[in-house]
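The sequence shown begins at 1 in the UniProt record's numbering and counts up one residue at a time.
Yeah, the Cβ is synthetic: ideal placement off N, Cα and C, and Gly gets one too.
Here the structure is a predicted model, which is why all the values come from computation and not from measurement.
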Amino acid sequence: MSDRNVTMTAIDGTDALAAVIIRPGSTNGSVSIEAFANGMDKERAAYVLRYVADQFEAEAAAENPITPA
């Protein structure tokens, strides 16, 4: 992934209960993931992440509807 646009990002997570950072990985098509949950139990953090994933999937489906052939 040598043609990606790389920028510096600063995130103030001082009041974050949990965070996930997804970066391009070292090999083509892979990702590097950092995650933490402080002040929130991991079961609840997982619930919130599943909710966000459902929202992402719904938005993607709305943007790219599958039409029957």
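| Asked | Found |
| --- | --- |
| Starting from residue 31, trace the beta strand (DSSP E) in both directions and tell me its first and last residue. | 31 to 37 |
| When DSSP builds the beta bridges, which residues end up paired with residue 20? | 35 |
| Given a cut-off of 7 Å, decide if residue 20 and residue 10 are closer than it, judged by their beta-carbon atoms. | no |
| Rounding to the nearest angstrom, what Cα-Cα distance links residue 45 and residue 37 in this structure? | 7 Å |
| What is the rounded straight-line gap between the Cα of residue 61 and the Cα of residue 51? | 15 Å |
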